[in-house]
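Worksheet for the structure shown next.
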Amino acid sequence: MRFGHAFEVGALQRMAMVALVCGVGLAGGTSRAAESDISVGPLRAKYAELGEQARNNPFQRALYLESEQSSTHLKGEIYAVVDYPFAIVNAALNNPAHWCDVLILHINVKYCNASRRADGTVLTVNIGRKFFQPLEDAYRLDFNYRAVVTTPEYFALELNADDGPLSTHDYRIWVEAASLENGRAFLHVTYAYEFGLIGRLAMQVYLATIGKDKVGFTVTETRPDGQPVYIRGVRGVVERNTMRYYLAIDAYFDALITSPRNQLEQRLQKWYHSADQYARQLHEVERDDYLDMKRKEYQRQQLAR
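Numbering of the sequence shown is given in my numbering, commencing with residue 1 and proceeding in unit increments.
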């Protein structure tokens with residue numbers, strides 16, 4: 001019995017980890033870089049199309065979130081107006097050296113390191129549980145970083161990882177931004193990955209156990225009392241992680257005007273405060289536990305550089 005219980009707990013932990021890793025990969029099974037029209041025009045057209053949807057929404061910020069799934073594919077997207085000039089957004093995100101300071105804010109990112117190799121820059125990212133843990137207990141993914149387009153009013157970049165745990169593969173991260181009027185920028189973040197039979201079974205176990213009460217952001221219906229009913233299941237997973245990564249980007253921006261010695265603390269406080277605004281979806285640990293965990297993880301990350 002004790003062996004059986006230990007096996008069950010270990011299996012559930014692995015299943016939960018797969019569901020968390022699903023929030024790391026970003027932009028469909030086909031590379032966005034292969035598309036012909038990667039420029040400022042389509043992104044500004046999307047900004048105009050969203051219009052009121054991005055301005056008036058439950059997020060209390062200029063943001064639009066959507067997700068989709070198929071039998072082998074998951075994708076989440078966020079479009080957001082950020083109150084920073086395009087030049088600042090470009091300098092902050094269109095640089096692989098800055099991405100580890102962004103990613104480490106996410107509650108499940110345990111470590112990140114950017115390294116130059118013969119074929120370009122690679123981001124080594126370890127994904128783990130919601131407490132400080134040895135890196136050997138976390139999943140590792142290696143993302144190839146590539147700047148796709150950079151102009152005075154638009155940039156696009158892509159990160160991709162061929163393989164993940166338990167038959168997940170073709171992780172894609174796509175980030176693009178365009179300048180807007182009044183010193184603002186329009187940011188688009190997409191993430192997606194492909195999965196096979198093992199990954200699908202792992203997600204099913206997670207959703208039937210640890211993740212059964214968790215919800216996403218899409219409202220599927222409204223109850224008679226006016227309360228929203230939020231989406232659950234796989235799309236709920238991808239929407240939660242989409243928001244966590246966007247909030248990490250936003251927290252990184254927020255601390256840029258702070259003195260360098262205070263930037264980490266500002267980012268951590270900002271990320272937790274922002275996530276707690278969506279407590280129904282994103283609350284996982286208490287503030288002090290998050291801050292203590294992230295300070296330790298950041299110190300470990302710095303010592304390894």
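We put the beta carbon where it would ideally sit given N, CA and C, even for glycine. All figures in this text were calculated on a predicted structure; none of them were measured in a lab.
Buried or exposed by the 16-neighbour rule on C-beta atoms within 10 Å, applied to residue i
i, result
"Ala304", "exposed"
"Phe253", "buried"
"Ala161", "buried"
"Trp117", "The sequence shown places Arg at residue 117, not Trp. Result: exposed."
"Gln301", "buried"
"Asn182", "exposed"
"Ile78", "buried"
"Ser259", "exposed"
"Asn94", "buried"
"Asp250", "buried"
"Asn262", "exposed"
"His188", "buried"
Beta-carbon contacts of residue i that lie in its chain and below 7 Å, excluding the five residues immediately before and after
i, result
"Leu247", "Trp271, Ser274, Ala275"
"Leu103", "Val109, Cys112, Val125, Ala248"
"Val24", "Confidence is the limiting factor: at Val24 the pLDDT is only 41, short of 50, which leaves the residue's position unreliable, though a coordinate-based value still follows. These residues qualify, in order along the chain: Val125, Ile127, Leu141, Tyr171."
"Ala114", "Pro96, Ala97, Trp99, Cys100, Thr121, Leu123"
Neighbourhood of residue i by C-beta, 6 Å cutoff - its chain only, sequence neighbours within 5 removed
i, result
"Glu221", "Val229"
"Ile231", "Gly216, Thr218, Thr220"
Enclosing beta strand (DSSP E) for residue i [first to last residue]
i, result
"Ala147", "139-151"
"Glu308", "For the chain, the structure presents residues 1 to 305; residue 308 sits outside this window and is missing."
"Leu135", "Leu135 -> no beta strand (DSSP E), and no H or E assigned at all."
Span of the alpha helix (DSSP H), counted from its first residue to its last, around residue i
i, result
"Leu180", "First-last for Leu180: undefined, no H or E at that position."
"Ile322", "Only positions 1 to 305 of the chain appear in the structure, and residue 322 is not among them; the question remains open."
"Glu221", "No alpha helix (DSSP H) contains Glu221, which is instead part of the beta strand (DSSP E) from 219-222."
Beta-carbon contacts of residue i that lie in its chain and below 8 Å, excluding the five residues immediately before and after
i, result
"Asn57", "Leu63, Tyr64"
"Gln314", "There is simply no residue 314 to check, as the chain begins at 1 and stops at 305 in what is shown."
inquiry  = Assess contact between the region 142-158 and the region 45-57, defined as three or more Cβ pairs (one per stretch) separated by less than 8 Å. Is contact present?
reply    = no
ask   = Quick one: complete beta strand (DSSP E) runs, 3+ long, within the region 48-108?
value = 63-69, 73-82
task = Decide if the region 259-268 is in contact with the region 199-215; the criterion is three or more beta carbon pairs, one per stretch, under 8 Å apart.
result = no
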